[in-house]
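Colleague: Numbering (our numbering), first residue to last: 8 to 894.
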RNA sequence: GCCGGAGUGGCGGAAUUGGCAGACGCAUCAGACUCAAAAUCUGACGGGGUUUAUCCUUGUGAGGGUUCGAUUCCCUCCUCCGGCACCA
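#1: Going by C-alpha distance, which of 339, 352 and 866 is nearest residue 308?
#2: Spatial neighbours of residue 894 within its chain, please: CB distance less than 7 Å, with the 5 preceding and 5 following residues excluded, ordered by chain position.
#3: Just verifying my parser: in three-state terms, what is the DSSP assignment at residue 387?
#4: Taking the DSSP output, what are the residues bridged to residue 606?
#5: Based on the DSSP secondary-structure assignment, which residues constitute the bridge partners of residue 193?
#6: Can you list, in chain order, the stretches of the beta strand (DSSP E) that have 3 or more residues and sit fully within the stretch 162-245?
#7: At which residues does the alpha helix (DSSP H) containing residue 61 begin and terminate?
#8: Just grab the DSSP bridge partners of residue 425 for me.
#9: Considering only residues of the same chain and omitting the five flanking positions on each side of residue 12, which have a CB-CB separation below 6 Å?
#10: Where do the N-terminal and C-terminal ends of the beta strand (DSSP E) with residue 634 fall, by residue?
#11: Using the beta-carbon count (16 or more within 10 Å), is residue 185 buried or exposed?
#12: For residue 357, which of 306, 51 and 81 has the nearest alpha-carbon?
#13: Let me know if residue 489 comes out buried or exposed under the rule of 16 or more other beta-carbons within 10 Å of its beta-carbon.
#14: Under 8 Å: do the stretch 749-762 and the stretch 771-786 share three or more Cβ pairs, one atom per stretch?
#15: When the Cα atoms are used, what is the spatial distance from residue 317 to residue 389?
#16: In three-state terms, what does DSSP make of residue 311?
#17: Report the three-state DSSP secondary structure of residue 505 (helix, strand or coil).
#18: Is it right to say residue 799 is buried, meaning 16 or more other beta carbons lie within 10 angstroms of its own, or is it exposed?
#19: Let's test the definition: count the other Cβ atoms within 10 Å of the Cβ of residue 811 and tell me whether it reaches 16, buried, or not, exposed.
#20: List the endpoints of the continuous alpha helix (DSSP H) containing residue 138.
#21: With DSSP as the reference, label residue 287 as helix, strand or coil.
#22: When DSSP labels each residue in this structure, what does residue 454 get in the three-state scheme?
#23: For residue 23, which of helix, strand or coil comes out of DSSP?
#24: Do residue 199 and residue 433 have their beta-carbon atoms positioned less than 8 Å apart in this structure?
#25: Output the boundary residues of the alpha helix (DSSP H) element that contains residue 654.
#26: Where does residue 470 land, buried or exposed, given buried means 16+ other C-beta within 10 angstroms?
#27: Count the other C-beta atoms from every protein chain shown that fall within 10 angstroms of the C-beta of residue 16, then say buried if there are 16 or more, exposed otherwise.
#28: If you follow the alpha helix (DSSP H) that residue 480 is part of, which residue opens it and which one closes it?
#29: For residue 827, report the span of its alpha helix (DSSP H) as first-last.
#30: Are the beta-carbon atoms belonging to residue 162 and residue 422 less than 8 Å from one another?
#31: Using a threshold of 8 Å, state whether the C-beta atoms of residue 413 and residue 319 are closer than that.
#32: Counting C-beta neighbours from all protein chains within 10 Å, is the total for residue 287 16 or more, i.e. buried, or is it exposed?
#33: Give me the Cα-Cα distance between residue 145 and residue 499, rounded to the nearest whole angstrom.
#34: Determine, using beta carbons only, whether residue 345 and residue 261 come nearer to each other than 8 Å.
#35: Using three-state DSSP, classify residue 432 as helix, strand or coil.
#36: What number of angstroms, rounded off, separates the C-alpha of residue 636 from the C-alpha of residue 103?
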């Protein structure tokens, strides 16, 4: 019988659906396992084989966990709110409200066809009122705890998306979505005070099983920096300038001060006669985009204000400058400059002929500095602190500053508060009412959700205001406190709000009374295994961790970290057609890395001369026109073959260059499993365990004696022992490797096993050789089916059924291995002479040095090599090698 | 510039408390089956060499080191990928 994967796959997908096989219920008596993939935004282009690089291995993982007896929660939902959905809706002239469920249905269909075992009864759509009611509820919780505030400050404004962006959404000065240069724009906006949690977000990283790279990215983003704040009095004025420095020990070397152009003191300090010049400079600096300003290669510019500050340690008057290399949004927006020990200050001092003083020395002596020495060392030219090592000096000066009341040790973070406001339609409305009398009033809980109104025109207004501002029925309301006329907040929340708690909702989808019941949360959470793309290393993961901690502080959760283990799947790259940029395109090509290559647009592709198309590897995406769909692959090779290929082709975390050729191997493998099992079926005995001879199965207990149907004698010879050993070794290996996400080598191990099975009992004309041991065949057939089931689930179920298994194979226990069976009887020991392998001998496991030595000396080759030479040393490693050193 | 990660056959990759490099698969070549093809099965498959076989030699980005022994550890360098970047 041929392997009819189409029939088999359709059959089991139907049965799983009809029987609700993957419905998950809270069962206190069972150990739970929560495996989650980052929920996707369902785009109109559908899923491609690249997406499955994540969903398929995690599905295999879940099925394995289920066979291990865990109660597995494996849910899926849609990150439906936010700009990607809104932008796509605008582009297609659709209403996102209707569009998103349609696209989600397509995604669901593809995932089902790929054999993924989601509990679809827990599906989430974050844009439905039943969901975002609780997003708003959590907003109010943050507000109540003083963690949500409204502030007017220059924000990152994307002129193309016409909305504000959080810091994390700005990449190299450009919008993360559309790549437009980001501008600064002062606007009243809502922020979450994530900076209040900076220390905890940093410290708790230690508890997590995440990749070191991932943790490092979070650490960098939080950017904790220890130092001191110092107040410099301004000569002849009342004001003082507060600076932040990580090197308070270099205070004696501070020969000037630099303020950021936006610093509030600038106008106070500037001398009258320098005013116009300074204003010119500031105007020029503000006209520059962040992209220009962040360009390190630029030479430094600056201007003297005419004012002087007093260095508190030595009373010297030092000039106050303005320069755009100082940023207003870090530290205090002002720095003390120590040109001797800071590269930037050094460069600046050289350019403007400011004094350079050495205050740190490698050895305690003084010498001419040819460049800034930013390293630690011994203090010089530092008054009574001379001779102190940097670390001690820092401590001492910190205390001294505090005593004098002009400074204090201080920690600054790079992390900025989370900008949540979006001046867009497609998001959860911020549940705040602005009352002329009462100010900002939270919407009372009983009035949640604040429903996003259904409108015709939801495009950005262009004025910077949300489209909601143009809907009087939405805006005009009454103040919950005083009952007077009031206006609703018209900003909506950015999409990251929804994804900061969805993993909690999965535990108790559909709960109308609370975001999730405590009992469900206590049972299912935290997430044991989380997977997603590395691009969420800072934003999503940081925000979700923050909200979890806030909910914990409120006493609503019993844990502080939502994702215990995190793995990042690699992406799939595909050959992509592109072209060389035209001359005038060079400058606005955007991304530096592809400056000499531009992806062909769909319409261009038709007409572009084929010999001028430049093919390159690029991430698979519809917009690049390089997509391979799983449906197409499943049609030709079957979903099971596709699944095996996606896992076998490369390690989970690696990027893959997609090629279709490799799938033949996986398809061949799956077909070979099928063919062997069909041949083995007539011999299969369900009760094979009882027929194992006692000495062959220490684990089988004492009832075992060869059954009548089994012919005794040489059928339990070395071949049987060898194939069973391989079987049990494979069981151990596959289990361990699924656990550690090494799906590629787990598949390879099963392939190896299959090769040995074929060598032991090759199927010919759809039957196994006569005289083959049916007990061994039965054990092989059953175990192979169980091993394969997580990888190729449709085939797994079909074979399990053919073997007489009941229910689903995923309620069957994962096979156990017999440790005694695994041990090899003989091992290869290599014989080295002077460090080179010269021969190897096959000898009983655990042979001692003397035995091995005697055996080795018998080898003609070794004898010959050692003839007439003197043995100096012999190194013996049990079961591995014998190394003879001679001269 | 700083911080991570990586570099192994024609290709994807495997092997690490230092002990048989290239598992498994793709592609390729040869053979079997076939009228033929596909499918399937068998074999070969890093480079060089020779007395052609249980052979010798070389080989894991480059160079050096430690060691009886290095893909694995150390030093220097090169390349690629990712992140951060006048962060004071």
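Beta carbons are placed, not taken as given, at the ideal position from N, Cα and C, and that holds for glycine.
The model shown is predicted, which means the values in this text are computed figures rather than measured ones.
Modeller: From the atom records:
#1: The residue with the shortest Cα to Cα distance from residue 308 is 352.
#2: 876, 877 and 879, listed in sequence order.
#3: Coil, per DSSP.
#4: In DSSP, residue 606 forms a bridge with 585.
#5: Residue pairing by DSSP places residue 193 opposite 161 in a beta bridge.
#6: Along the stretch 162-245, the beta strand (DSSP E) occurs as fully enclosed runs of 3 or more residues at 170-172, 190-199 and 231-241, listed in sequence order.
#7: Element bounds for residue 61: 56-74.
#8: According to DSSP, residue 425 bridges with 199.
#9: Closer than 6 Å at the Cβ level, and outside the excluded window around residue 12, lie 645.
#10: Boundaries cannot be given for residue 634, as no beta strand (DSSP E) includes it and DSSP labels it neither H nor E.
#11: Residue 185 should be labelled exposed.
#12: Nearest option by C-alpha distance: 306.
#13: Classification for residue 489: exposed.
#14: Short answer: they don't touch.
#15: Near 16 Å, if we compare the C-alpha coordinates of residue 389 and residue 317.
#16: If DSSP states are grouped into helix, strand and coil, residue 311 belongs with the strands.
#17: Of the three classes helix, strand and coil, the one that applies to residue 505 here is helix, per DSSP.
#18: Sixteen is the threshold: when 16 or more other Cβ atoms of the shown chains lie within 10 Å of the Cβ of residue 799, as they do, the residue is buried.
#19: Label assigned to residue 811: exposed.
#20: Element bounds for residue 138: 136-151.
#21: It is helical.
#22: If DSSP states are grouped into helix, strand and coil, residue 454 belongs with the helices.
#23: Helix, per DSSP.
#24: No, the Cβ-Cβ distance between residue 433 and residue 199 is not below 8 Å.
#25: From DSSP, the alpha helix (DSSP H) with residue 654 extends over 646-655.
#26: When all chains shown are included, residue 470 counts as exposed.
#27: Residue 16 counts as buried, since no fewer than 16 other beta carbons sit within 10 angstroms of its beta carbon.
#28: Its alpha helix (DSSP H) spans residues 479-482.
#29: Start and end: 826-829.
#30: No, these two residues do not count as a Cβ contact at 8 Å.
#31: The Cβ atoms of residue 413 and residue 319 lie closer than 8 Å to each other.
#32: By the 10 Å Cβ count, residue 287 comes out exposed.
#33: The alpha-carbon atoms of residue 145 and residue 499 are separated by roughly 14 Å.
#34: Contact: yes.
#35: In the structure shown, residue 432 falls within a coil segment according to DSSP collapsed to helix, strand and coil.
#36: In a straight line, the C-alpha of residue 636 is about 24 Å away from that of residue 103.
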